[in-house]
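Novice:
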Amino acid sequence: MNIESLIREGVLNAVKALYGTEVDVDTIQIQMTRKEFEGDLTVVVFPFTRMSKKGPEQTGTDIGEYLIANVPSISKYNTVKGFLNLVISSEYWSDLLNIILNEKDFGIIQKDENSPLVMIEYSSPNTNKPLHLGHIRNNLLGFSIAEILKGTGKQVIKTNIVNDRGIHICKSMYAWQREGKNETPESVGKKGDHLVGDYYVKFDKLFKKEVADLMATGLSKEEAENAAPSINAAREMLRRWEANDPEIRNLWKTMNEWVYAGFDVTYKKLGVDFDKIYYESDTYSVGREEVLRGLELGVFERNDDGSVWANLENEGLDKKILLRSDGTSVYMTQDIGTAKLRYEEFPIDHMVYVVGNEQIYHFQVLSILLDKLGYKWGKSLYHFSYGMVELPQGKMKSREGTVVDADDLIEEMVEVARNTSNELGKLDGYSEEEKSEIHRMIALGALKYFILKVDPKKTMMFNPEESIDFNGNTGPFIQYTYARIKSVLRKASDAGIVWNSKTNNSMLGTKEIELIKKVSVFPEVVAEAASTYSPALIANYCYDLVKEFNQFYHDFTILGETDAEKKFFRLQITEVTGRIIKTGMGLLGIECPERM
RNA sequence: GGUCCAGUAGCUCAAUUGGAUAGAGCAACAGCCUUCUAAGCUGUAGGUUAUGGGUUCGAUCCCCGUCUGGAUCACCA
Numbered sequence: 021m022n023i024e025s026l027i028r029e030g031v032l033n034a035v036k037a038l039y040g041t042e043v044d045v046d047t048i049q050i051q052m053t054r055k056e057f058e059g060d061l062t063v064v065v066f067p068f069t070r071m072s073k074k075g076p077e078q079t080g081t082d083i084g085e086y087l088i089a090n091v092p093s094i095s096k097y098n099t100v101k102g103f104l105n106l107v108i109s110s111e112y113w114s115d116l117l118n119i120i121l122n123e124k125d126f127g128i129i130q131k132d133e134n135s136p137l138v139m140i141e142y143s144s145p146n147t148n149k150p151l152h153l154g155h156i157r158n159n160l161l162g163f164s165i166a167e168i169l170k171g172t173g174k175q176v177i178k179t180n181i182v183n184d185r186g187i188h189i190c191k192s193m194y195a196w197q198r199e200g201k202n203e204t205p206e207s208v209g210k211k212g213d214h215l216v217g218d219y220y221v222k223f224d225k226l227f228k229k230e231v232a233d234l235m236a237t238g239l240s241k242e243e244a245e246n247a248a249p250s251i252n253a254a255r256e257m258l259r260r261w262e263a264n265d266p267e268i269r270n271l272w273k274t275m276n277e278w279v280y281a282g283f284d285v286t287y288k289k290l291g292v293d294f295d296k297i298y299y300e301s302d303t304y305s306v307g308r309e310e311v312l313r314g315l316e317l318g319v320f321e322r323n324d325d326g327s328v329w330a331n332l333e334n335e336g337l338d339k340k341i342l343l344r345s346d347g348t349s350v351y352m353t354q355d356i357g358t359a360k361l362r363y364e365e366f367p368i369d370h371m372v373y374v375v376g377n378e379q380i381y382h383f384q385v386l387s388i389l390l391d392k393l394g395y396k397w398g399k400s401l402y403h404f405s406y407g408m409v410e411l412p413q414g415k416m417k418s419r420e421g422t423v424v425d426a427d428d429l430i431e432e433m434v435e436v437a438r439n440t441s442n443e444l445g446k447l448d449g450y451s452e453e454e455k456s457e458i459h460r461m462i463a464l465g466a467l468k469y470f471i472l473k474v475d476p477k478k479t480m481m482f483n484p485e486e487s488i489d490f491n492g493n494t495g496p497f498i499q500y501t502y503a504r505i506k507s508v509l510r511k512a513s514d515a516g517i518v519w520n521s522k523t524n525n526s527m528l529g530t531k532e533i534e535l536i537k538k539v540s541v542f543p544e545v546v547a548e549a550a551s552t553y554s555p556a557l558i559a560n561y562c563y564d565l566v567k568e569f570n571q572f573y574h575d576f577t578i579l580g581e582t583d584a585e586k587k588f589f590r591l592q593i594t595e596v597t598g599r600i601i602k603t604g605m606g607l608l609g610i611e612c613p614e615r616m
């Protein structure tokens with residue numbers, strides 16, 4: 021039993037013995053003792069003053085005395101105001117470290133065949149433009165949440181719904197057909213997603229010019245936007261696409277292939293992957309059938325012009341269109357079809373959509389629609405809505421070119437990592453391949469940590485002018501500490517030291533105890549991160565752990581310690597810390613180099 | 001306008017979910033490498049937690065009002 025449970029039980033018994041009342045376990049609050057007071061764990065005694073009918077100080081003392089007498093691991097106590105600070109014995113911490121040392125994957129719960137199955141949808145790009153910083157946040161969050169859920173014993177399927185059809189891709193297709201001169205990624209030496217994205221921007225320029233020209237002839241903005249030749253050409257393309265026109269389908273296929281090849285490169289660089297990929301072009305028709313079925317069930321309505329609607333006014337929402345008057349599908353239609361296919365294919369216990377908070381309304385509606393269609397899982401879908409990434413100028417807009425491109429950003433990060441590393445010269449003597457592999461790890465560590473350390477729900481700021489730091493609360497700082505740890509452990513092994521035997525310690529220093537305390541809460545942090553879907557908790561924990569370790573490393577010598585018992589103990593705590601860093605960072609999708 | 005989210009040091013972010021004197025990093029200043037990797041460690045300075053009320057032993061956190069910023073309410077995705 022862990023120390024918190026022991027204290028909880030002790031307090032429970034104390035209150036019963038001293039004041040003759042049963043107390044609800046939830047009212048027993050235990051927290052880490054603040055650094056400025058003596059003690060390891062603290063019980064908040066305010067809730068018990070009602071039962072004791074004494075002041076908080078006296079109540080704390082009563083309970084403290086009881087705990088000392090009845091709970092062996094508690095060696096001392098003091099009360100400050102309403103806080104009962106408990107000192108836990110060195111033996112307890114020493115034993116705890118030993119348990120952790122001998123656990124294979126400390127903090128990780130292995131799945132078994134009975135583990136619930138969670139499907140996580142993330143990434144879900146449109147195929148008309150390359151990935152940017154906003155997509156990076158999505159991809160990193162999705163991947164990390166998948167890893168964290170796996171770490172708590174869930175079966176996880178990572179999925180991606182590719183929005184490969186629709187007016188957006190037709191815009192790029194039209195512009196390419198008009199101005200592309202048969203350019204291909206090969207012919208211009210450019211990644212396919214970037215090439216297609218260029219034509220998306222070209223389309224927008226053309227469209228804007230046409231609208232301006234038409235408005236100059238006296239049309240209103242709305243009229244001009246409907247009359248612009250380019251948009252009508254794109255719409256015509258979409259219509260022909262839905263009608264299976266071979267020419268359009270071929271062009272669509274070709275350009276999408278270019279984009280996929282480009283995405284694959286970016287995904288690989290980011291280190292994210294998927295177990296199952298769905299394409300909107302395959303699922304939208306299933307969605308349409310579902311909508312028509314809903315119409316027959318009487319849960320949807322058909323308008324005079326032929327469009328199909330869901331009336332959600334009883335749910336406090338508006339009317340929502342599901343099929344256009346020309347019978348074509350909208351975004352929502354596709355999501356219904358995709359959901360149905362997924363549940364047919366997998367025994368999903370829990371569905372998680374990693375999609376930005378701008379789509380909160382969309383998922384509210386989706387959930388209700390699936391429920392109306394009779395799917396019992398409709399109401400249980402979880403929209404993990406994360407905040408946008410903003411630039412100092414405000415929101416990123418693909419069409420206006422105010423985006424931070426994913427590939428560019430990664431390249432820049434690698435460049436900074438290389439320069440910094442070369443300046444420090446710690447990798448001198450390594451081959452170019454080894455060096456660039458380490459530079460890559462550090463660059464991605466910096467980028468990923470920068471994004472994941474922020475509470476996912478919050479809007480975050482990224483300033484491209486100031487490159488991401490490598491010092492302080494950063495990924496490289498944590499990686500660096502890991503490299504240091506590995507270096508010490510290598511030296512110890514080389515010297516033939518064997519440190520895995522149980523050490524006998526009744527004289528741990530406060531810094532050492534602090535470290536063990538920090539280390540020991542790792543499983544709780546993972547559990548918390550999983551239940552709140554927050555990689556940021558893991559990131560900030562890793563930082564705290566590493567900061568604690570660096571102080572320890574600075575204040576004590578490990579290999580230079582002459583007392584063998586102490587030396588073994590310090591190697592143990594060093595090894596355990598290293599393992600947790602690696603596991604924790606792994607949950608964020610960040611690799612740790614053995615040296616840097 | 002309706003609904004939802006946010007506002008914490010100059011900047012970027014934390015705060016164990018209602019607990020003790022609100023913490024880190026960056027930027028600034030001052031120290032620490034003959035010693036296990038200085039991408040490190042230590043110190044100084046920086047705050048009316050947007051604002052006004054309320055709830056209670058106790059509020060950055062919960063409730064109400066105000067201000068500011070953002071998202072959303074499409075036959076877009």
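Residue numbers (our numbering): 21 to 616.
For every residue, glycine included, the Cβ atom is placed at its ideal position computed from N, Cα and C.
What is the DSSP secondary structure of I610, reduced to helix, strand or coil?
Specialist: Coil at I610, not helix or strand.
Novice: Could you please give me the residues that DSSP links to G414 through a beta bridge?
Specialist: G414 has L411 as its beta-bridge partners, per DSSP.
Novice: Can you find the residues in the same chain that come closer than 8 Å, C-beta to C-beta, to V518, ignoring five residues on each side of it along the sequence?
Specialist: none
Novice: If we require 4 or more residues per run, which alpha helix (DSSP H) segments fall completely within the region 237-278?
Specialist: 241-247 and 249-262
Novice: Below 7 Å between beta carbons: does that hold for F490 and A466?
Specialist: Going by C-beta atoms, F490 is nearer than 7 Å to A466.
Novice: Exposed or buried, A584, counting other C-beta atoms within 10 Å across all chains shown (16 or more means buried)?
Specialist: exposed
Novice: Taking C-beta to C-beta, are L153 and V424 nearer than 7 Å?
Specialist: yes
Novice: My assumption, with CB atoms under 8 Å, is that G171 sits in contact with I140. Please give the rounded CB distance.
Specialist: Approximately 13 Å separates the beta-carbon atoms of G171 and I140; this is outside 8 Å, ruling out the contact.
Novice: Should I380 and G307 be called a contact, given that it needs their Cβ atoms to be closer than 7 Å?
Specialist: no
Novice: Please state if the CB of R590 and the CB of I578 are separated by a distance shorter than 7 Å.
Specialist: Between I578 and R590, the C-beta gap is smaller than 7 Å, which places the two residues in contact.
Novice: So W329 is in the beta strand (DSSP E); what residue range does that whole segment cover?
Specialist: V328 to N331
Novice: Three or more beta-carbon pairs under 8 Å between the region 603-610 and the region 466-477, yes or no?
Specialist: Yes, the region 603-610 touches the region 466-477.
Novice: How should H574 be labelled, buried or exposed, when 16 other C-beta atoms within 10 angstroms of its C-beta is the threshold for buried?
Specialist: exposed
Novice: Within the chosen definition, does the region 190-197 reach the region 221-229 through at least 3 CB pairs nearer than 8 Å?
Specialist: yes
Novice: Per DSSP, what are the beta-bridge partners of V374 in this structure?
Specialist: F404
Novice: Going by C-alpha to C-alpha distance, which of P367, S551, T422 and F588 sits closest to P136?
Specialist: Cα-wise, what sits closest to P136 is P367.
Novice: Return the chain-ordered list of same chain residues with a C-beta closer than 6 Å to the C-beta of H370, the five sequence neighbours on each side being excluded.
Specialist: Only V138 meet the Cβ criterion.
Novice: Could you tell me which residues DSSP pairs with R615 in its beta bridges?
Specialist: DSSP lists no partner for R615.
Novice: Which residues in the same chain have their Cβ closer than 8 Å to the Cβ of R599, if we skip the five residues on either side of it in sequence?
Specialist: F126
Novice: Assuming contact is defined by CB atoms lying nearer than 7 Å, are L104 and G84 in contact in what I supplied?
Specialist: yes
Novice: Select from Y500, E243 and M275 the residue whose C-alpha is nearest the C-alpha of N202.
Specialist: Of the candidates Y500, E243 and M275, the one whose C-alpha sits nearest the C-alpha of N202 is M275.
Novice: Which residues in the same chain as E581 place their Cβ atom closer than 8 Å to its Cβ, once the five residues preceding and following it in sequence are excluded?
Specialist: K587 and R590
Novice: On the CB-based measure, 16 or more other CB atoms within 10 Å of its CB, does Q499 come out buried or exposed?
Specialist: When all chains shown are included, Q499 counts as buried.
Novice: Tell whether a beta-carbon distance below 7 Å holds between N146 and N183.
Specialist: yes
Novice: Which same chain residues end up closer than 8 Å to V596 when comparing Cβ atoms and leaving out the 5 residues on each side of it in sequence?
Specialist: Once the five neighbours on either side are set aside, the close Cβ partners of V596 are L117, I120, L121, F126 and V539.
Novice: Nearest-angstrom Cα distance between L447 and S441?
Specialist: Those two C-alpha atoms are separated by around 7 Å.
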